[in-house]
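Colleague: Under the working numbering, the first residue of the sequence shown is numbered 36, with each subsequent residue one higher.
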Amino acid sequence: MSTPTLTQLPASRLAALIAQGEVSSSEVVRAHIARIEAVNPKINAVVVKRFEHALREAAAADERRARREPLLPLHGVPITIKECLDLAGTPSTFGMPSRRADIAQADDLYVARLVACGAIVLGKTNVPQALIYNESSNALYGRTNNPWDVTRTAGGSSGGEAAIIAAGGSPLGLGTDIGGSLRLPAHFCGIASLKPTSLRTHDYSRFSTLAFEFGPIASVVGPMARDVEDVALAFSLIGALPHPRLPLPHAPGDPAAVDVSKLRVGYFTCDGLMRPSPAVARAVTEAANMLRAAGAQVIEWRPPDLQRVEALYMGLLTVNGAPVFRAALAHDRPEPQLARLYWLAQRSPRTVRRIRRILTALRQAHLARQLGHVGLTGEDLPRLLDEAEAYRRAFAAAMDRAEIGPLDALLSPACFSPAWPHGASRELITGGAYCILYNLLGYPAGVVPVTRVRPDEAIARPPSLDVVDIAARRVDIGSAGLPIGVQVAARPWQEHVALAVMRFIQDEARQREGYPGKPPV
Numbered sequence: 036m037s038t039p040t041l042t043q044l045p046a047s048r049l050a051a052l053i054a055q056g057e058v059s060s061s062e063v064v065r066a067h068i069a070r071i072e073a074v075n076p077k078i079n080a081v082v083v084k085r086f087e088h089a090l091r092e093a094a095a096a097d098e099r100r101a102r103r104e105p106l107l108p109l110h111g112v113p114i115t116i117k118e119c120l121d122l123a124g125t126p127s128t129f130g131m132p133s134r135r136a137d138i139a140q141a142d143d144l145y146v147a148r149l150v151a152c153g154a155i156v157l158g159k160t161n162v163p164q165a166l167i168y169n170e171s172s173n174a175l176y177g178r179t180n181n182p183w184d185v186t187r188t189a190g191g192s193s194g195g196e197a198a199i200i201a202a203g204g205s206p207l208g209l210g211t212d213i214g215g216s217l218r219l220p221a222h223f224c225g226i227a228s229l230k231p232t233s234l235r236t237h238d239y240s241r242f243s244t245l246a247f248e249f250g251p252i253a254s255v256v257g258p259m260a261r262d263v264e265d266v267a268l269a270f271s272l273i274g275a276l277p278h279p280r281l282p283l284p285h286a287p288g289d290p291a292a293v294d295v296s297k298l299r300v301g302y303f304t305c306d307g308l309m310r311p312s313p314a315v316a317r318a319v320t321e322a323a324n325m326l327r328a329a330g331a332q333v334i335e336w337r338p339p340d341l342q343r344v345e346a347l348y349m350g351l352l353t354v355n356g357a358p359v360f361r362a363a364l365a366h367d368r369p370e371p372q373l374a375r376l377y378w379l380a381q382r383s384p385r386t387v388r389r390i391r392r393i394l395t396a397l398r399q400a401h402l403a404r405q406l407g408h409v410g411l412t413g414e415d416l417p418r419l420l421d422e423a424e425a426y427r428r429a430f431a432a433a434m435d436r437a438e439i440g441p442l443d444a445l446l447s448p449a450c451f452s453p454a455w456p457h458g459a460s461r462e463l464i465t466g467g468a469y470c471i472l473y474n475l476l477g478y479p480a481g482v483v484p485v486t487r488v489r490p491d492e493a494i495a496r497p498p499s500l501d502v503v504d505i506a507a508r509r510v511d512i513g514s515a516g517l518p519i520g521v522q523v524a525a526r527p528w529q530e531h532v533a534l535a536v537m538r539f540i541q542d543e544a545r546q547r548e549g550y551p552g553k554p555p556v
């Protein structure tokens, strides 16, 4: 077996090597800069570079080690961050040309926490326009390509971050998540990520606070890496410090203290909205069997009405003419992937009902169903909030009543399919209720890579006149070799349980043929 290069090693290993003096921070940073320069022309993931600053900071880190000063957990380790997160002296545009002159004066709270722990920021990574759809493409920075197949998207909204980590240009990064933005790109690119419990790492970035909160659903910040150990390390560093605005009811637990063999785990492979691709369903079943073989109690489990999740999520997103969209796009033209939903959200309830009847007559069942959740007025908001709270109570009760006893963790797809071709988010929108479920609930949820699509699984879905089904059919055709992850969720404030399960699945999957490994880019 060949010796891994510096750009293939996890952040925790790099930190250990730097601390032991086996390699310098300057060497590690230069290696990652070289890797970014090699792959970025193909994938366009890093859109704001600060290489000169990073090299100076690495030299300073080496000097501190030479003076035998106390070393921090990420001393001298390079990282990247999502473009929307503030980094002093760099723009935070959210992919919007109207914000190109918005230069941050201070670091984002969670960026500052990692920097205070010794991390060195190499640059910032691409996002969708206003972070709203599942492709990292915008008029300012262009399109990010998936390192496994450049004809496909790396996902969104943390797609640039997932792409550069998968390609070896960064061992660790930060993204945000309000509807799957950490998990779907991790699944598409074959890496790991964690969306913490809502409020644990509340997103305080300036524009997010203004535009990206609706009802009980708020953006959170979370880590992304190729190794679950790095995700756990970064989470412990950003999630354990005193909260700036409110006391947290639980400190982060230790994943190493979790005995996976003692857990009760439920799993499901289909949300009833978007039928999973064969490899997606297989990955979840394989992960469930890994846990069962280790002694965990595992049961196939049906969550409460996931169509209701879609209705509540989209209703809260677009209620009262979609103020989220209006605030975000006040000075920019919507990108094609967003334009249709943006336009529909501005229509009156009467117009929406009329369009829905037309779609139903044209056999566009998916769009007609989704349109039923759009066009609500401000008078509907109290009802939506009450129903969202009722759903959270019903979900927790269903976990408590499982046949094997109260469930500790849940396994499911992160998306119905592998990575989408560019442009597919115009029709596919959320990719099902798999990710948005845990944003509505506020539960912690992560993604761990498990396998890749086999040639016999890259098969076409049945022919259909429905444009959503047609888009899903295009996704599966030619998808052989693409990575597939599994989503792992736990109860509120139990991130350590999710991380322990993720680490176990990762270690088991790495021993099997077909583990994603390194992308070809």
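The beta-carbon is built from N, C-alpha and C at its ideal position, and this holds for glycine as well.
#1: From which residue to which residue does the alpha helix (DSSP H) around Y478 run?
#2: For a test of the three-state rule: what should DSSP assign to G237, helix, strand or coil?
#3: Name the one or two DSSP bridge partners that I519 has.
#4: Cα separation between V333 and S296?
#5: Could you spell out the range, first to last residue, of the alpha helix (DSSP H) harbouring I334?
#6: Whether or not the stretch 496-510 and the stretch 226-244 are in contact is what I'm after, with contact meaning three or more pairs of Cβ atoms, one per stretch, closer than 8 Å; do they touch?
#7: How should P453 be labelled, buried or exposed, when 16 other C-beta atoms within 10 angstroms of its C-beta is the threshold for buried?
#8: Is the beta carbon of V295 within less than 7 Å of some heavy atom of the ligand FAD?
#9: Taking G215 and I464 to be in contact with their CB atoms under 8 Å, please state how far apart those CB atoms are, rounded to whole angstroms.
#10: For the putative contact between S61 and A94, defined by C-beta atoms under 8 Å, what is the C-beta separation to the nearest angstrom?
#11: Under three-state DSSP, which class holds P172?
#12: Do you know offhand how far D262's Cα is from A54's?
#13: Hey, out of T320, L534, E462, whose CA is closest to S271's CA?
#14: Return the first residue and the last residue of the beta strand (DSSP E) that R299 is part of.
#15: Consult DSSP for I78 and reduce its assignment to one of helix, strand or coil.
#16: Are the beta-carbon atoms belonging to I200 and M259 less than 8 Å from one another?
#17: Run through DSSP, which three-state label would M309 get?
#18: Excluding five sequence neighbours on each side, which residues of the same chain lie with their C-beta closer than 7 Å to the C-beta of R337?
#19: Please go through the same chain and pick out, in chain order, the residues whose beta-carbon is closer than 6 Å to the beta-carbon of L326, but skip the five residues on each side of it.
#20: Ordered along the chain, which non-local residues of its own chain (more than five positions away) have a Cβ less than 6 Å from that of F539?
#21: Cα separation between A101 and G203?
#22: To the nearest angstrom, how far is it from the Cα of Q43 to the Cα of N355?
#23: In whole angstroms, what is the alpha-carbon distance linking V468 and T353?
#24: So the beta strand (DSSP E) R187 belongs to, where does it begin and stop?
#25: What is the rounded straight-line gap between the Cα of D97 and the Cα of S59?
#26: Taking just the CA atoms, how far does Q405 sit from E548?
#27: Excluding five sequence neighbours on each side, which residues of the same chain lie with their C-beta closer than 8 Å to the C-beta of T211?
#28: From G513 to E492, what does the alpha carbon distance come to, in whole angstroms?
#29: Which residue's Cα is closest to the Cα of Q372: F223, N169, V503, G440?
#30: At what residues does the beta strand (DSSP E) containing L229 begin and finish?
#31: Taking the beta strand (DSSP E) that L109 falls in, what are its first and last residues?
#32: For R436, which of helix, strand or coil comes out of DSSP?
#33: Let me confirm a value: E321 is counted as buried when at least 16 other C-beta atoms fall within 10 Å, else exposed. Which label applies?
#34: Spatial neighbours of A89 within its chain, please: C-beta separation below 6 Å, excluding the five flanking residues on both sides.
#35: Give the secondary structure of D443 by DSSP, where H, G and I count as helix, E and B as strand, and everything else as coil.
#36: Measuring straight from C-alpha to C-alpha, what distance separates F247 and V319?
Modeller: Reading from the atomic positions:
#1: Segment: none, Y478 is in no alpha helix (DSSP H) and carries neither H nor E.
#2: Position check: residue 237 holds His in this sequence, whereas Gly was assumed. Collapsing the DSSP output to three states places H237 in a strand.
#3: In DSSP, I519 forms a bridge with T486.
#4: Straight through space, the alpha carbons of S296 and V333 are spaced by roughly 10 Å.
#5: Run containing I334: none in the alpha helix (DSSP H); it sits in the beta strand (DSSP E), 332-335.
#6: Pairwise C-beta distances place the stretch 226-244 out of contact with the stretch 496-510, as fewer than three of them are shorter than 8 Å.
#7: Answer is buried; the Cβ neighbour count reaches 16.
#8: In the structure shown, the ligand FAD is absent, as is every other ligand, since no ligand is present at all.
#9: Not quite, the Cβ-Cβ distance comes to about 11 Å (not below 8 Å), so this is no contact.
#10: The Cβ separation is near 6 Å, so the contact holds.
#11: For clarity, residue 172 is Ser in the given sequence; the question names Pro instead. If DSSP states are grouped into helix, strand and coil, S172 belongs with the strands.
#12: D262 and A54 have their C-alpha atoms roughly 20 Å apart.
#13: The shortest C-alpha separation from S271 is found at L534.
#14: Note, R299: beta strand (DSSP E), 299-302.
#15: Three-state DSSP puts I78 in a helix.
#16: Yes, the pair counts as a contact, with Cβ atoms nearer than the cut-off.
#17: Looking at M309 - three-state DSSP - the assignment turns out to be coil, as it is neither helix nor strand.
#18: Within the same chain, R337 has close Cβ partners F303.
#19: Contacts found: V300, V333.
#20: Same-chain partners within the cutoff: V295.
#21: Just so you know, the alpha carbons of A101 and G203 end up roughly 28 Å apart.
#22: Going from the Cα of Q43 to the Cα of N355 covers about 48 Å.
#23: According to the sequence as given, residue 468 is Ala; it is not Val. Approximately 16 Å, taken between the alpha carbons.
#24: From DSSP, the beta strand (DSSP E) with R187 extends over 184-188.
#25: Answer to the nearest angstrom: the Cα atoms are 6 Å apart.
#26: The alpha-carbon of E548 is positioned some 39 Å away from that of Q405.
#27: When the five nearest sequence neighbours on each side are left out, the beta carbons in the same chain lying within less than 8 Å of the beta carbon of T211 are those of K117, C119, L120, L166, S192, S193, L217, D238, S240, S243, S254, V255, V256, G257, in order along the chain.
#28: C-alpha separation (whole angstroms): 10 Å.
#29: It is N169 whose Cα lies nearest to the Cα of Q372.
#30: In this chain, the beta strand (DSSP E) harbouring L229 covers 227-230.
#31: Taken as a continuous stretch (DSSP letters only), L109 belongs to no beta strand (DSSP E), as it is neither H nor E.
#32: Here R436 sits in coil by DSSP.
#33: So E321 ends up on the buried side.
#34: Answer for A89: V64, I155, L157, listed in chain order.
#35: In this structure, D443 counts as coil in the three-state DSSP scheme.
#36: Residue confidence is low: F247 scores 48 on pLDDT, short of 50, so the model does not pin down where it sits. Its coordinate-derived value is still stated next. Cα to Cα, F247 sits roughly 31 Å from V319.
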